[in-house]
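**Q** Heads up: the sequence shown runs through residues 2 to 381, numbered per the numbering used here.
Glycine included, each C-beta is placed from N, C-alpha and C at the ideal position.
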Amino acid sequence: MQNKYRKPIGSYIGFMSNKVKTYGGINLAQGIPGFDPPKELTDILSEIAGNKIHQYAPGNGNNELLDLLLNKYKKEFPFTKDDFLILQGATEALSLLYTYFNKIIPKPFAALAFDPVYESYKYLPEIFNTDFVPFSFEKDSSIEFGKLERTIVKNNVKVIFLGSPGNPFGKIWTKQEINSLLELSKLLNIYIVLDAVYKELYFDEKPYIPLEQFDSNIFYTNSFSKIFSITGWRVGYLIAHKDHMQKIKSIHDYTGLCASSVLQQALVEYLKKYDFGNDYILNLRNKLKDSYYHLSSELEKLGFEIPETKGGYFVWAKLPEKYSEGFKFAIDLYDQQKVAVIPGEHFSDNATNYIRLNIAREKSEVEEGIKRIKKFFTIS
C-alpha cells in the first residue's frame, strides 16, 4: 500500500498544485493569481495577434518596452537603456545571474538568503554545485547584522538574494535595514540580488528599493507576472550595472535568446494606453490586503500564529500546537477538504510546523478555503 505521507522529490509547490489540477479543490498552494488579467490587456493581445510580430524579438527586448521601463525608472534612478534586459520572467533573470556569478566568482563561494527561503534562492546554488546558507530573522523579524557579517565571512558568502516583500514570508525591509545590508556588501564585496516581483503589492507603505545607490554590487529583477496576473506570459526584466550587463547579455544570447515578441508588444500597447496599469495594480493591492487580514484573522481563531507582514501574495502561518508536522497537515487537509497549501519545510528546515497559503485568489475562493479549513478542524 502506498504511503500517502511519502515526501516528493522536487518542489512541494508543484506536488501540491498538481493535486488540485488533477483532482480539483481550492489552490492556496502555488503562487498563481486567481484573478483575470486586465481585460484591456487581453483585448490588445487579440487585436495584435494577426500582426507580423511572430518572429524573434530583439535579444535585449522590445525597444518600445525598454523605453517605457527606462522612462518609468529614470524619474527616481540613474539608469540608461543599456542597463535593462527583457527576460522570460524573473526566474530566468535569477538563473541567468547565477550562471554569470559562477563565471566571475572564484570557487568555492556560497549564496545566502533569509529564512524562510524562496525556492529559487535555495536550489539555484545546489544546481550549480555551490553552497547555500540560510540566515534566520530574529523573533521580531529584524536582522542582527553583526551575526550576519560573521556568517558571511565564515561561509565565504558572495551572493545575497533579497525579496521585499518576500516569499513565503512577506517581510518588507526598512530603509535602515536595506542600507545596512548595502554597507556590508561594499565592505565584504558581495553581490546583492534585489527581487522586486512583489514590490508593487504592498498593503500600506511602499517598499524602499535602493536603486538611487545603483552600483556594480546591485542587481535588480522584476516581472509583469504578478502585478497583471499573467504568470503564464513569462515576461520579466533585469537591471544590472554596465560593468556586468554586456557579459550577462552575451550569456543570454546562448541560453534564453529572447522573450515572446507578441506578448512584449501587447504589454507595450497596454502600458502606453493605461498609465502602466496603475488602476489594475491598485485594485489588486486592495484585494490582497483584504484577503491577507481576513484569512490571518480566521486562522488565528483556530490557534495559528501569524507573524504579521505588509505585502506580497502569502500568509506564513505556524500551526496550532496539536499539529507538529506541516507536511502531514497539508496532506490530510487536501485529502479531507481538497484545500492545497504548502508545508513550511519546503522553505526552511526550521519551519516543519508552518504552512504557506496563497491569498491571490478571488474573495469567494478564499472564503471557501476558510470554510473548509474550519471544517477540517472540527472533524480532525
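Apart from the five residues just before and just after E145, which ones in its own chain have a Cβ nearer than 7 Å to its Cβ?
**A** Same-chain partners within the cutoff: E139.
**Q** Take every Cβ of the stretch 288-308, pair it with every Cβ of the stretch 257-276, and state whether three or more of those distances are shorter than 8 Å.
**A** The stretch 288-308 is not in contact with the stretch 257-276.
**Q** Grab the span of the beta strand (DSSP E) containing V415 for me, first residue to last.
**A** The structure shown has nothing for residue 415, since the chain only spans 2 to 381.
**Q** Could you pull out every residue in the same chain whose Cβ sits closer than 8 Å to the Cβ of D333, ignoring the five residues on either side in sequence?
**A** Closer than 8 Å at the Cβ level, and outside the excluded window around D333, lie F377 and S381.
**Q** Rounded to whole angstroms, how far is the Cβ of I240 from the Cβ of D84, which I believe are closer than 8 Å?
**A** Indeed they touch by this definition, with Cβ atoms about 5 Å apart.
**Q** Is the CB-CB distance between Y6 and F328 below 9 Å?
**A** Yes, Cβ-Cβ distance for Y6 and F328 is below 9 Å.
**Q** Evaluate contact between the stretch 223-240 and the stretch 11-28, counting only Cβ atoms and requiring at least three cross-stretch pairs below 8 Å.
**A** Short answer: they don't touch.
**Q** Any chance you could list the alpha helix (DSSP H) runs of at least 4 consecutive residues sitting entirely within the stretch 243-273, in chain order?
**A** For the stretch 243-273, whole alpha helix (DSSP H) runs of length 4 or above, ordered along the chain, are 243-256.
**Q** Under 8 Å Cβ to Cβ from I87, same chain only, skipping five residues before and after it: list those, please.
**A** Here the set comprises A58, N61, G62, N63, L66, L67, V236, G237, Y238, C259, A260 and Q265.
**Q** Report the three-state DSSP secondary structure of K5 (helix, strand or coil).
**A** It is coil, neither helix nor strand.
**Q** I'd like the ranges of any beta strand (DSSP E) spanning at least 3 consecutive residues and lying wholly in the stretch 114-195.
**A** Listed in chain order, they are 132-137 and 158-164.
**Q** Taking all protein chains shown into account, decide if G1 is buried (16 or more other Cβ within 10 angstroms of its Cβ) or exposed.
**A** The requested residue 1 is not part of the displayed model; the chain covers only 2 to 381.
**Q** Going straight from the alpha carbon of L185 to that of V154, what length do you get?
**A** Each residue's Cα considered, the two are about 11 Å apart.
**Q** Just to confirm the assignment: which complete alpha helix (DSSP H) runs, minimum length 4, are found wholly within the stretch 17-94?
**A** The stretch 17-94 contains these whole alpha helix (DSSP H) runs: 40-49 and 64-74.
**Q** Could you check the C-alpha separation between Y271 and D37 for me, to the nearest Å?
**A** Their Cα atoms are separated by approximately 15 Å.
**Q** Three or more C-beta pairs closer than 8 Å, one from the stretch 312-330 and one from the stretch 341-354: is that the case here?
**A** Enough Cβ pairs lie closer than 8 Å, so yes.
**Q** So, helix, strand or coil for N351, using DSSP?
**A** Correct three-state label for N351: coil.
**Q** In terms of DSSP beta bridges, what is A341 paired with?
**A** DSSP lists N28 as partners of A341.
**Q** What's the C-alpha gap between D1 and A111?
**A** The structure shown does not extend to residue 1, since the chain is modelled only from 2 through 381, so no value can be given for it.
**Q** Spell out whether any CB of chain C is found under 9 Å from the CB atom of D44.
**A** No chain C is present in this structure, which holds just one protein chain.
**Q** Does the Cβ-Cβ distance between L163 and L182 come in under 9 Å?
**A** Yes.
**Q** Taking DSSP as the reference, what is the three-state secondary structure of I360?
**A** Three-state DSSP puts I360 in coil, outside helix and strand.
**Q** Give the range of the beta strand (DSSP E) segment to which L239 is assigned.
**A** From DSSP, the beta strand (DSSP E) with L239 extends over G237 to A241.
**Q** Report the three-state DSSP secondary structure of F331 (helix, strand or coil).
**A** A small correction: the amino acid at residue 331 is Ala; Phe does not occupy that position in the sequence shown. Correct three-state label for A331: helix.
**Q** Going by C-alpha to C-alpha distance, which of P34, L98, Y24 and A30 sits closest to R286?
**A** Per the Cα distances, P34.
**Q** Would the beta-carbon of I191 fall within 9 Å of that of I161?
**A** In contact: I191 and I161 (Cβ atoms closer than 9 Å).
**Q** Would A30 pass as a contact of I14 if the rule is Cβ separation under 9 Å?
**A** Yes, Cβ-Cβ distance for A30 and I14 is below 9 Å.
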